[in-house]
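Engineer: First, the structure itself, so that you have it in front of you.
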Amino acid sequence: MIPSLFDLANKEKSYGFIKLSQTHLCTNFSLPRTLTKKQKQIANELKKKVEHDMEQKGREALDLLDKILIPKVDEPVAKVTYLRMKADFHRYMAEIKEAENDDPQKAKQSYEEAWDIAQQKIRPSHPIRLGVALNFAVFLHEFIKMPEEGRKLAQKAHDDGNADLLADTSGDSYLESIGILEKLDENMRIWTATQEQDGSSERGNF
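Here the UniProt record's numbering is used: the first residue of the sequence shown is 1, the next is one more, and so on.
This is how it looks when you write it as C-alpha cells:
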C-alpha cells in the first residue's frame, strides 16, 4: 500500500534505503598501508562484492520507485520524498561505478524535479524541502563540480527556511528543520573557507 510505504520513506526508514546507505559507507574507505599483499587482495575482492550487491539492490530500488511509487503519488511531500530517494540512489550508483554512465545526469534530473516541486508546493522550513536542498547542493558542489550553483542553492534554502521558521516556531518538525538548517550553514562555511584557502572543495555533510 502506498500510504504505509510513504510513512517509511518520509522518515527515511525504508529497509532498502538504509541498507544501501550503510553499504555505500562501506565502499568509501581506503585500505591501511600495513596490510599484506594477500590481505589487500581479500579486502579488494570483498569490496567488489559489496559494490556489486549494492548496485543490484540500488537498481531494484530504482525500479520500484520508477514503476510503482513515484507514478502513484500526487501529494507533494510524498512525491518529493521519492524523487529525492531516486536521485540519491543514482548518485550512489555513479559513485561505485568506475566506467562512465548516465547515473549522474539522472540524479541531477531527479534532484531538479524534486526541488522544483518542493519550491512550488512545500513550505520553505519543511524538513523534506530542506533535505532535498541539502543533498542537491552537495551533489552540485562536489559531485558534478558546479560549486557556485551548489552554494547558491544552499544559501537560498537556508535563508528561506530560516525566515519561514522564525515566523512560526510551533511546527511538529521544528527541531528536525533546525538540524538541517545547521547542516546547510555548516556546508556553506566549509566551502567558503576551503575556497578561500586553496581553491579546493572539502566534502560537505548530508
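Here a beta-carbon is modelled for each residue, glycine too, at the ideal position from N, C-alpha and C.
Along the chain, where does the alpha helix (DSSP H) containing D48 start, and where does it finish?
Structural biologist: In the sequence as displayed, the identity of residue 48 is Lys instead of Asp. From DSSP, the alpha helix (DSSP H) with K48 extends over 37-64.
Engineer: Using 8 angstroms as the Cβ pair cut-off and three pairs as the minimum, do the stretch 94-104 and the stretch 123-130 touch?
Structural biologist: no
Engineer: Within 10 angstroms of the Cβ of N187, are there 16 or more other Cβ atoms? Answer buried if so, exposed if not.
Structural biologist: N187 is buried by the Cβ-count criterion.
Engineer: Assuming F136 and W115 form a contact by the criterion Cβ under 8 angstroms, report the distance between their Cβ atoms to the nearest whole angstrom.
Structural biologist: 6 angstroms
Engineer: Excluding sequence positions up to five away, which residues of its chain have a Cβ less than 7 angstroms from the Cβ of D164?
Structural biologist: R123, P124, S125
Engineer: Could you pull out every residue in the same chain whose Cβ sits closer than 7 angstroms to the Cβ of K48, ignoring the five residues on either side in sequence?
Structural biologist: none
Engineer: Give me the Cα-Cα distance between L69 and F139, rounded to the nearest whole angstrom.
Structural biologist: 23 angstroms
Engineer: Just verifying my parser: in three-state terms, what is the DSSP assignment at G131?
Structural biologist: helix
Engineer: Identify whether C26 lies in helix, strand or coil by the three-state DSSP scheme.
Structural biologist: Confidence at C26 is low in this model, with a pLDDT of 49, below 50, so the placement of that residue should be treated as unreliable; the coordinate-derived value is given next. Looking at C26 - three-state DSSP - the assignment turns out to be helix.
Engineer: Going by beta-carbon coordinates alone, are A107 and A87 separated by less than 8 angstroms?
Structural biologist: yes
Engineer: Counting Cβ pairs, one atom from each stretch, are 3 or more of them under 8 angstroms apart for the stretch 147-162 and the stretch 177-196?
Structural biologist: By the Cβ rule, the stretch 147-162 counts as touching the stretch 177-196, because three or more pairs are nearer than 8 angstroms.
Engineer: Could you give the DSSP three-state label for K72: helix, strand or coil?
Structural biologist: coil
Engineer: Quick one: is G179 buried, meaning 16 or more other Cβ sit within 10 Å of its Cβ, or exposed?
Structural biologist: Exposed, because fewer than 16 other Cβ atoms sit within 10 Å of the Cβ of G179.
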